[in-house]
Structure formats: structure tokens, C-alpha cells
Amino acid sequence: MTAPRVRFAPSPTGYLHVGGARTALFNWLFAKHYHGTFVLRIEDTDKERSTEAHTQVILDGMRWLGITWDEGPFFQGSYAARHRADAERLLASGHAYKDFLTAAELDAERERIKASGGVFRYHRRSMELPADEQARRESAGMPYAIRFAMPEGEIAWDDAVHGRISWQGADIDDFIILRSDGSAIYNMAVVSDDVEMNISHVIRGDDHVSNTPKQIALYRALGHEPPIFGHVPMILGTDGKKLSKRHGATAVGDYQDMGILPGAMRNFLALLGWSPGGDREMLTESELTESFSLEHIQSKPAVFDTTKLEWMNGQYLSLMDSTELLKAVERQLERMGVATDGRNLLPIINSVKTRSRTILNVAEQVAVRVDGSRIVRDDKGTALVAKMGDRFSGHLTLDHEALSRIPEFDWLPEAIEGALRTVAETHSLKLGDVMQPIRVALTGGTVSEPVPELLAVVGREESLRRIADASSS
RNA sequence: GGCGCUAUCGUCUAGGGGCCUAGGACACAGCCCUCUCAAGGCUGGUACACGGGUUCGAAUCCCGUUAGCGCUACCA
């Protein structure tokens, strides 16, 4: 294949959706695989809903995911003149015609048909104004929209993911390509831009298949060869409906905030509707680009289930080096208002990350270890250790004695474990009864890394203080 | 309503006529490991929507039914 040119063309009317992100990812992967070019084009022709802020959020989301573009971002709004010229060229060549019907007249007709139980369709002949009225409006200089005269025959294409898809031109209404204010409608603008930008493959969501026959007709009328189209399946919520806000987090930024790693998000998204074949699931960026192909894209929609995303994130967390995680954890701690006093967080992150699924989890655990006031308490402010009763306070006293004999320079997991095992043996206690009270005293919870490691990570002075506090309460 | 797309475990998927008494992963259950919880290892249950063809043989090809989804704007 000659180097393809693809594009991702979001409209800045909302945040970067996971569906949009996946479409961008597929385009990017495809371009990378074939050493092609990935163009970013912001489709801001809907001036009512498009905002600069949304554009920034979309760009940030893409950068976060590591999806880089080779050209752009281009803004569709700045090509209005070309769009209009193309529409007028179609008018001049007889592929389109003027429509003097106003939006209000059209709406009224739509209402009328609907009220009588019919289905509205725009038929050129039946909707056309009488010739004299037409002429009157034209000479009066009344505004008109330009409507494309949809050819009647079959329009089919070999879809890169679905195979052959066929439509009948007769089933498609003549559609407006230029508004009466002179601005182009979506399908016109897209085709005009894709032609201009030399796009060879249009990879987009399934919700666009019904636009494709219209766009192919436009390409032909304009005298251009249509590109190859590939329609990737929709992403659904857990109820099988199109993914939307009411399903919870749908914006890429939401997952960033939840402490998902970009690599995990990218890996997960890539596997939603695509598979490298076989059993491989954890894929690096280069494995992804090497094995990516349109042929392996699933043709059925996929449900977006975050459980597996979190599992995958946990895998990335344990695989990644603590130094790579440091920045994200620090940012999270800052948001939580935890002061780290310049402490070295690396060993702490290292010991809690295998028990975490998100950066948020990591930060919460780091917070407890770094700041005693973060110890988990119940609603009444009582630490769990108090509820354990007197049974273990004696053990904590023994622990405290033994641990305080360990000098600062030897405050390491091995020495600590040795001391605690000795306590258990000399007092004929179960190891768990010696260890678990410490865990509760230090964290307020019953779950953590191995106790010797926990003690090492919290530090000698602070550990002894927490144990003393707990045994006296 | 019309048109189009789709249909393998609860979910993501492998599979492209015999290798499938359908494989992997998440989730779930149990066991091992073990001071707790994860991680890791092992084991288990759960799926080819339905009905017709084609074929020696169909999850795989064809047709129909059903269901789901999408589109049906002077939105994108």
C-alpha cells in the first residue's frame, strides 16, 4: 500500500469521548502501521455549539493518550470559501439546484405529514415551488439553499471493515449542501476537505455509514475518486444502548482523573472492537502498531465495561517502575491535600502499587503511610484498632518493645521480620496475631503490604508512635 | 414506518468448512501460596440467537425469522 493519509475529525461540541478516542486511535495506528500521515481536523462549522475550550480538551485528551498528529490541527471553519465554491460548482454543473423553500416552510410541511401519520420525504418534483413563484422569489433576491440532486442508481462500496455495503440512491432524499446563509452543511464540507487534504482512507464510526453514499455521490459529482471507507463499530453502555453521559464516565478526561494510566487506556481502547488475533492482550505501543489492520476490526458493537480496564490498569501499575508513576501520584496527593514534606515516595509507591488498580488507589495508600492523620477511621472517628479490644493491646506492647530495640540504621524489612518472628516464638503466639495488630495500628485497615515492609516504609519513629498510640487507646 | 448495519460465555474476544466434545482474558467460585490483601499458580461453571438450506462435514457459506443498534435536520 502506498502511504495512506487518514484523518480524525472531531467536532468541538463536547469532550473527547471514549468512542471518539478509539476512532482517533485506530486512525493513528493505521497511519503508523503503513507509515502514512495522520491529519487532525477540527470540524467547527456548527458555530452554535463549538467552543475553543472543547477544542483544547480534545487536544489534551489526545496528547495524554499519546496519539500524535502529523498535520494540523486544521479548522474546518477556515475553509468556508472553498466549501461554498464547491457547492456552487455543483450547482453550475447541474448536480445541484436552488431551493427557495425556507426552513420554516419545510418544518411546517414536516409537521403536517407527521400529523397525518405519514413519513416526511423530500421529493424534488413534489416539493418544488410553482415556476412563477420560483422566479418571483429569485428576482426578489430571496435567499435559497443549495440542494444536491441525489442520483437514483445503486451506490455501493467495499467497506474496509464490513465488506460490501449497498444503498439505493432513490432511498436518499436530496440533501442540502449549502445553507441559505452560504455556509456548507457537514457532508459538503467533509468531502471538500477530504478531497483537498488528499485523504485516502476514511476511518470513522458506524453512525456515519448512512452519510457514506451521500459523500460518494458528492465525490463523483465533483469528479473525484472516493477514498476507501472503513466504519468501526459503535461503543455501547452496559445496557446495550449507545454510550452516553448517563452511563457514567464517558470522557477521556474522566479516566485520567480516576487514575487510569494512558498506556492502559490506549491498550484497552485498542482491544475494543479490534484484536491482533490469538490470545495477546497486553500490547506495547509498537506491538499495537505492528499488528494493527482494518481487517481485524470487529463489525459488531462493543460494550464499554470498565472492570477490565481497571484490571489492565492494575497490570500496567505493577509492571511500571515507581519513578514513572511518581509524577501522577504526586499530582493526585496534591489534589487530596496531602503534604509529603519532601519525602521520598518511591519506596512507598513501590510497595503499594501491586495492590492498586488506579493511581487514585496508590495515592490513597501513600497518604496513609505518609500522614498519620489519614489512618482509616469509622464515622465516629474511632480507629479500627480500638475496636479490636484488649485482646491485642498486649501484643502491641510486646511488638513495640521488640521493635524499639531495632536501631534506625537496621530498620529494614529483614531485621523487622526477624524481631517479630522472635516475639511470636518466645510468647507462643501465632505470627498473624503479632503482625495484624501492627497493620491495623499503622493503617487503620486490615489490608496492606507485608507488615515488615509496611513498617520499613512508614519509618521507625512514626511506626513506633502509631503503635504506642494504638496500644494506649 | 423506510433504509442500513450487526448477531460466539455476563463482558472484551479467538475462530474465516474438518485442528472446536468452541480457545484466551475480565468478572465469579474453589484450592495452593501466605501475617492480611493483592500479585502469581491450579481447578470449575457459563456461549456459537432461532429456522431452513448448501456440503461427506458448518460457529464458519446462502436464505429467512427474531432481536439489537444506527441514520432518516438549512446538527456534526
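Numbering-wise (the working numbering), the first sequence opens with residue 5 and increments by one. For every residue, glycine included, the Cβ atom is placed at its ideal position computed from N, Cα and C. What you are looking at is a predicted structure, and each value in this text was computed from that prediction instead of being measured.
Residue i versus residue j: straight-line alpha-carbon distance, rounded
{"i": "glycine 65", "j": "alanine 13", "result": "14 Å"}
{"i": "leucine 329", "j": "serine 322", "result": "10 Å"}
{"i": "methionine 154", "j": "glycine 209", "result": "23 Å"}
{"i": "glycine 449", "j": "proline 441", "result": "10 Å"}
{"i": "leucine 468", "j": "glutamate 368", "result": "21 Å"}
{"i": "aspartate 375", "j": "arginine 359", "result": "19 Å"}
{"i": "glycine 398", "j": "valine 370", "result": "28 Å"}
{"i": "leucine 458", "j": "serine 248", "result": "42 Å"}
{"i": "isoleucine 410", "j": "proline 456", "result": "12 Å"}
{"i": "glycine 121", "j": "serine 214", "result": "24 Å"}
{"i": "threonine 311", "j": "isoleucine 264", "result": "12 Å"}
{"i": "glutamate 338", "j": "alanine 332", "result": "10 Å"}
{"i": "aspartate 178", "j": "alanine 84", "result": "21 Å"}
{"i": "aspartate 197", "j": "serine 170", "result": "24 Å"}
{"i": "arginine 116", "j": "arginine 250", "result": "34 Å"}
{"i": "glycine 2", "j": "threonine 362", "result": "Given that the chain is displayed from residue 5 to residue 477, the structure contains no residue 2 and the question cannot be resolved."}
{"i": "leucine 63", "j": "aspartate 48", "result": "14 Å"}
{"i": "glutamine 172", "j": "isoleucine 220", "result": "12 Å"}
{"i": "aspartate 211", "j": "arginine 373", "result": "49 Å"}
{"i": "asparagine 271", "j": "leucine 298", "result": "17 Å"}
{"i": "serine 377", "j": "glutamate 466", "result": "12 Å"}
{"i": "arginine 183", "j": "isoleucine 189", "result": "7 Å"}
{"i": "threonine 293", "j": "serine 279", "result": "12 Å"}
{"i": "methionine 5", "j": "alanine 112", "result": "51 Å"}
{"i": "leucine 33", "j": "lysine 357", "result": "30 Å"}
{"i": "glutamine 336", "j": "valine 380", "result": "18 Å"}
{"i": "serine 408", "j": "serine 476", "result": "16 Å"}
{"i": "alanine 474", "j": "threonine 430", "result": "23 Å"}
{"i": "valine 462", "j": "arginine 67", "result": "36 Å"}
{"i": "glutamate 479", "j": "isoleucine 71", "result": "Examination of residue 479 is not possible in this model, given that the chain is present from 5 through 477 alone."}
{"i": "glutamate 334", "j": "asparagine 317", "result": "18 Å"}
{"i": "glutamate 142", "j": "glutamate 156", "result": "28 Å"}
For residue i, the nearest candidate out of the options (CA to CA)
{"i": "alanine 193", "options": "Ser214, Ser184, Gly398, Leu222", "result": "Leu222"}
{"i": "isoleucine 176", "options": "Ala160, Ile203, Gln138, Tyr126", "result": "Tyr126"}
{"i": "histidine 58", "options": "Ile46, Gly81, Ala112", "result": "Ile46"}
{"i": "alanine 7", "options": "Ala35, Ser54, Phe30, Leu94", "result": "Ala35"}
{"i": "methionine 286", "options": "Trp315, Tyr259, Thr311", "result": "Trp315"}
{"i": "histidine 235", "options": "Gly167, Ala149, Leu292, Thr430", "result": "Gly167"}
{"i": "isoleucine 239", "options": "Leu433, Arg26, Glu299", "result": "Arg26"}
{"i": "methionine 269", "options": "Gly282, Ile471, Thr254", "result": "Thr254"}
{"i": "proline 231", "options": "Trp68, Ala160, Val256, Ile71", "result": "Ala160"}
{"i": "phenylalanine 152", "options": "Glu158, Glu137, Asp50, Ile181", "result": "Ile181"}
{"i": "serine 82", "options": "Lys51, Asp111, Phe396", "result": "Lys51"}
{"i": "aspartate 261", "options": "Gly277, Ser303, Asn365", "result": "Asn365"}
{"i": "isoleucine 352", "options": "Ile150, Glu453, Phe79", "result": "Glu453"}
{"i": "glycine 257", "options": "Leu95, Leu69, Ala474, Glu56", "result": "Leu69"}
{"i": "glutamine 80", "options": "Gly277, Leu110, Ser187", "result": "Ser187"}
{"i": "glutamine 138", "options": "Ala472, Thr106, Ile71", "result": "Thr106"}
{"i": "aspartate 185", "options": "Gly145, Glu334, Gly277, His431", "result": "Gly145"}
{"i": "tyrosine 320", "options": "Arg141, Val61, Asn354", "result": "Asn354"}
Residue i classed as buried or exposed, judged by whether at least 16 other C-beta atoms fall within 10 angstroms
{"i": "isoleucine 301", "result": "buried"}
{"i": "proline 134", "result": "exposed"}
{"i": "alanine 28", "result": "buried"}
{"i": "lysine 218", "result": "buried"}
{"i": "histidine 21", "result": "buried"}
{"i": "threonine 288", "result": "exposed"}
{"i": "serine 54", "result": "buried"}
{"i": "phenylalanine 296", "result": "buried"}
{"i": "threonine 216", "result": "buried"}
{"i": "arginine 11", "result": "buried"}
{"i": "phenylalanine 413", "result": "exposed"}
{"i": "alanine 532", "result": "In the structure displayed, the chain extends from 5 to 477; residue 532 sits before or after that span and is not available."}
{"i": "asparagine 348", "result": "exposed"}
Residue i: CB within 7 Å of a non-hydrogen atom of the ligand FAD
{"i": "arginine 347", "result": "The model on display carries no ligand, and the ligand FAD is accordingly not part of it."}
Whole-angstrom C-beta distance between residue j and residue i, which should lie under 8 Å
{"i": "phenylalanine 233", "j": "aspartate 283", "result": "That belief does not hold up - the Cβ atoms of phenylalanine 233 and aspartate 283 are roughly 31 Å apart, past 8 Å."}
{"i": "leucine 433", "j": "arginine 425", "result": "Their Cβ separation, rounded to whole angstroms, is 10 Å, which puts leucine 433 and arginine 425 out of contact at 8 Å."}
{"i": "valine 427", "j": "valine 438", "result": "5 Å"}
{"i": "arginine 114", "j": "phenylalanine 104", "result": "With 8 Å as the limit, arginine 114 and phenylalanine 104 do not qualify as a contact, their Cβ atoms being about 17 Å apart."}
{"i": "proline 237", "j": "serine 326", "result": "No, proline 237 and serine 326 are not in contact; Cβ-Cβ is about 38 Å, not under 8 Å."}
{"i": "glutamate 158", "j": "arginine 86", "result": "Actually they do not touch by this definition, with Cβ atoms about 30 Å apart."}
{"i": "leucine 95", "j": "isoleucine 150", "result": "5 Å"}
Does the count of Cβ pairs from the segment 225-234 and the segment 11-18 closer than 8 Å reach three?
-> no
Hey, is the segment 231-247 in contact with the segment 295-309, meaning 3+ C-beta pairs nearer than 8 Å?
-> yes
Counting pairs of beta carbons, one from the segment 30-44 and one from the segment 63-82, are three or more of them closer than 8 Å?
-> yes
Counting pairs of beta carbons, one from the segment 197-214 and one from the segment 98-118, are three or more of them closer than 8 Å?
-> no
Do three or more CB pairs link the segment 436-454 to the segment 394-409 at distances below 8 Å?
-> yes
Please determine if the segment 338-347 and the segment 411-425 are in contact, where contact requires at least 3 C-beta pairs separated by less than 8 Å.
-> no
Are the segment 182-196 and the segment 81-95 touching by the rule of at least three beta carbon pairs closer than 8 Å?
-> yes
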